[in-house]
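Sequential numbering from 33 applies to the sequence shown in this note's numbering. We treat Cβ as the ideally placed atom computed from N, Cα and C, and that holds for glycine. Notes follow the structure.
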Amino acid sequence: MDDFRNNYTPASHGDDDMQPQQPSAEQNAQSQQPAQEQAAPQYEEPRTPYQTPVQHPEYQPPQAAFDAAQQQDTAGGAPQPPKPKKRHGKAVVIGLCSVAAACLLFAGGAVIGHLVSGDNGAAVSASAAAGDTPTVQISSTPELDPDNYDVVNGLAGEEIYKKVSPSIVSVISTTASGMGSGSGVIMSTDGYIITNQHVIADADQVTVQLSDGSQLQAEIVGQDEQSDLAVLKVEPESELTAAEFGDSDQLQPGEYAYAIGSPGGVQFANTITGGRISAINRDVTINDRVMTLIQTDASINPGNSGGALINKYGQVVGITSAKLSSSAFGEASIEGMGFAIPINTAKEIVDELIANGYVAGRPSLGITGTNLSAQRAAYMNVPQGVYVYSVDERAHAASEGLLAGDIITAVNGDEITTMDEINAVKEEMKAGDKLNITVYRMSAGQFIDLTITLTDAHDLSEDNGSTQQAEQQAPQEGQGENGYSQYDQNPFSYFFGW
Numbered sequence: 033m034d035d036f037r038n039n040y041t042p043a044s045h046g047d048d049d050m051q052p053q054q055p056s057a058e059q060n061a062q063s064q065q066p067a068q069e070q071a072a073p074q075y076e077e078p079r080t081p082y083q084t085p086v087q088h089p090e091y092q093p094p095q096a097a098f099d100a101a102q103q104q105d106t107a108g109g110a111p112q113p114p115k116p117k118k119r120h121g122k123a124v125v126i127g128l129c130s131v132a133a134a135c136l137l138f139a140g141g142a143v144i145g146h147l148v149s150g151d152n153g154a155a156v157s158a159s160a161a162a163g164d165t166p167t168v169q170i171s172s173t174p175e176l177d178p179d180n181y182d183v184v185n186g187l188a189g190e191e192i193y194k195k196v197s198p199s200i201v202s203v204i205s206t207t208a209s210g211m212g213s214g215s216g217v218i219m220s221t222d223g224y225i226i227t228n229q230h231v232i233a234d235a236d237q238v239t240v241q242l243s244d245g246s247q248l249q250a251e252i253v254g255q256d257e258q259s260d261l262a263v264l265k266v267e268p269e270s271e272l273t274a275a276e277f278g279d280s281d282q283l284q285p286g287e288y289a290y291a292i293g294s295p296g297g298v299q300f301a302n303t304i305t306g307g308r309i310s311a312i313n314r315d316v317t318i319n320d321r322v323m324t325l326i327q328t329d330a331s332i333n334p335g336n337s338g339g340a341l342i343n344k345y346g347q348v349v350g351i352t353s354a355k356l357s358s359s360a361f362g363e364a365s366i367e368g369m370g371f372a373i374p375i376n377t378a379k380e381i382v383d384e385l386i387a388n389g390y391v392a393g394r395p396s397l398g399i400t401g402t403n404l405s406a407q408r409a410a411y412m413n414v415p416q417g418v419y420v421y422s423v424d425e426r427a428h429a430a431s432e433g434l435l436a437g438d439i440i441t442a443v444n445g446d447e448i449t450t451m452d453e454i455n456a457v458k459e460e461m462k463a464g465d466k467l468n469i470t471v472y473r474m475s476a477g478q479f480i481d482l483t484i485t486l487t488d489a490h491d492l493s494e495d496n497g498s499t500q501q502a503e504q505q506a507p508q509e510g511q512g513e514n515g516y517s518q519y520d521q522n523p524f525s526y527f528f529g530w
């Protein structure tokens with residue numbers, strides 16, 4: 033870091049030089065050429081190969097933000113960042129369908145569950161007592177009678193279906209854009225259901241269809257966009273069949289796995305597919321976040337989101353959430369690459385969603401911004417780092433000196449160039465901890481060291497009001513050497529909720 037400070041010499045820092053020189057008309061014409069020559073995809077986000085949305089065919093996603101960005105890009109200017117998605121609390125009822133990703137954080141709740149492991153390893157369902165909140169209970173590997181059990185391959189597929197299918201539901205969401213559907217897993221006999229957050233995001237109404245075809249209106253207890261997990265609550269007339277959850281840390285690549293959900297919608301509800309555990313602890317980048325997921329070749333399709341990944345003992349070990357499709361690699365055919373959130377990861381999030389309606393204590397800087405590529409930084413004559421587009425006035429960072437327009441170049445003494453590097457440090461901390469950052473302040477032409485107190489991300493949600501410092505115009509970049517395609521990282525990607 034010291035070497036960079038000593039060697040970096042800005043050209044000038046007068047008021048006229050606070051904004052980079054605008055490219056000439058000829059440069060603008062050149063920068064437009066790749067966007068004009070390449071046909072615009074139909075709402076296909078140009079991010080990483082693994083960020084492949086998998087949505088129910090009936091769902092029509094809003095395209096206004098995407099179309100606006102395309103028009104601005106074609107016009108040669110930097111697109112403005114889209115508004116952050118609204119995060120809702122316990123009392124909101126919402127819904128949607130697609131396929132995305134997962135993460136984890138600390139969670140809590142009352143110690144009363146829906147599964148109690150017996151001496152023989154079988155799970156016994158139990159409703160939560162009045163006034164208590166259920167938590168996800170992880171059962172140990174069952175000790176089964178070897179005379180009635182294949183110790184290599186596990187339970188027969190028909191036995192697994194008979195055991196787990198009554199615990200799997202279809203989740204139907206109605207939004208302003210139409211209807212979509214996904215899947216869910218019953219976690220307690222009194223009606224708590226786990227699903228993906230993207231299945232129920234932005235819905236006006238959520239309905240759950242049980243395995244017997246009956247339907248119940250659902251309330252959203254809590255949802256967490258970062259981990260892509262949500263909890264619903266229905267009021268059944270009689271006890272539901274709760275799933276038995278297994279220890280996802282015990283999974284081994286090569287063992288049998290099954291998925292049950294509603295691929296293609298409720299007309300194919302409670303479909304079972306089978307395969308193997310392809311990999312564990314697979315880091316997958318989705319929505320600009322790196323998620324650690326289970327990989328399986330059990331078929332996962334649109335509508336499976338929020339359903340169950342099941343081990344050979346008939347225990348739910350994951351919440352199916354994503355797949356890799358052929359569009360990630362052009363015309364190449366991609367099959368059998370599905371992903372699920374490990375249940376050991378999901379447990380902490382789900383328990384806290386039930387207890388609080390949100391995940392508390394998650395650290396946030398309270399900024400929006402964008403990564404500056406080396407080419408872009410050179411064009412602006414500034415150091416490479418994370419350009420701060422705005423700072424939320426409710427965040428500690430606003431009162432501790434961080435300004436919109438700053439470029440974060442180091443965290444805790446280590447140089448950084450991307451938000452992923454900041455997150456790698458921040459995610460090992462909690463709200464209230466101190467983060468030492470170095471910023472390059474373009475208005476002063478100098479580096480400044482700041483100590484920032486991390487804010488609880490929930491305190492910055494739109495449910496608590498949204499106030500930000502004056503936003504800075506995103507700096508424009510000259511013509512890139514190759515431009516960018518739908519398979520590259522969009523140089524104008526913005527990140528929210530840091």
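- Gln-282 and Gly-186 have their C-alpha atoms some 14 Å from each other.
- Nearest Cα to Phe-277 within the set Ile-232, Tyr-345, Val-263, Gln-241: Tyr-345.
- Within the same chain, Gly-393, Pro-395 come within 6 Å of Lys-462 by CB-CB distance, once the 5 residues on both sides are set aside.
- Exclusion of the five residues before and after Ile-351 leaves Ala-134, Val-217, Ile-226, Thr-227, Asn-228, Leu-261, Gly-338, Gly-339, Ala-340, Leu-341, Ala-372, Ile-373, Ile-375, Ala-378 as the residues of its chain whose Cβ lies within less than 8 Å of its Cβ.
- In this structure, Val-263 sits away from Val-423, with a CB-CB distance that is not shorter than 8 Å.
- Counting along the chain, the unbroken beta strand (DSSP E) around Ser-205 starts and ends at 200-207.
- Residue burial annotation: Ser-202 is buried, with at least 16 other C-beta atoms found within 10 angstroms of its C-beta.
- Assignment of Thr-449 by DSSP, reduced to helix, strand and coil, places it in the coil class.
- Residue state for Arg-426 is assigned as coil, using DSSP reduced to three classes.
- If you compare the alpha carbons of Glu-460, Asp-452, Ile-439, Asn-468 with that of Ala-476, the shortest gap goes to Ile-439.
- Separation of Phe-300 and Ser-331 (C-alpha to C-alpha, rounded to the nearest whole angstrom) is 14 Å.
- DSSP, reduced to helix, strand and coil, places Ile-381 within a helical segment of the structure shown.
- According to the DSSP assignment, Glu-251 belongs to no alpha helix (DSSP H) but to the beta strand (DSSP E) extending over 247-256.
- Leu-325 sits away from Arg-308, with the two beta carbons spaced by 8 Å or more.
- Under the three-state reduction of DSSP, Tyr-193 is assigned to helix.
- Boundaries of the beta strand (DSSP E) around Tyr-288: 288-293.
- Rounded to the nearest whole angstrom, the C-alpha separation of Tyr-193 and Ala-274 is 14 Å.
- Residue pairing by DSSP places Val-443 opposite Asp-446, Ile-469 in a beta bridge.
- Ala-301 carries a coil assignment under DSSP once its states are collapsed to helix, strand and coil.
- If you look at Arg-394, you'll find it isn't in any alpha helix (DSSP H); DSSP assigns it neither H nor E.
- In this structure, the straight-line span from the alpha carbon of Gly-417 to that of Val-457 is close to 15 Å.
- Sequence-distant Cβ neighbours of Glu-191 in its own chain, meaning closer than 8 Å and more than five residues away, are Gly-346.
- Just measuring C-alpha positions, the residue of Val-196, Glu-380, Leu-486 sitting nearest His-428 is Leu-486.
- Residue state for Ala-354 is assigned as strand, using DSSP reduced to three classes.
- In the structure shown, the three-state DSSP call for Ile-332 is coil.
- In the DSSP assignment, Gln-407 falls within the alpha helix (DSSP H) that extends over 406-412.
- Looking only at Ala-406, Tyr-290, Val-298, Thr-483, the smallest Cα-Cα distance to Thr-450 is reached by Ala-406.
- Relative to Val-471, the option among Pro-415, Ser-431, Thr-303 whose CA is nearest is Pro-415.
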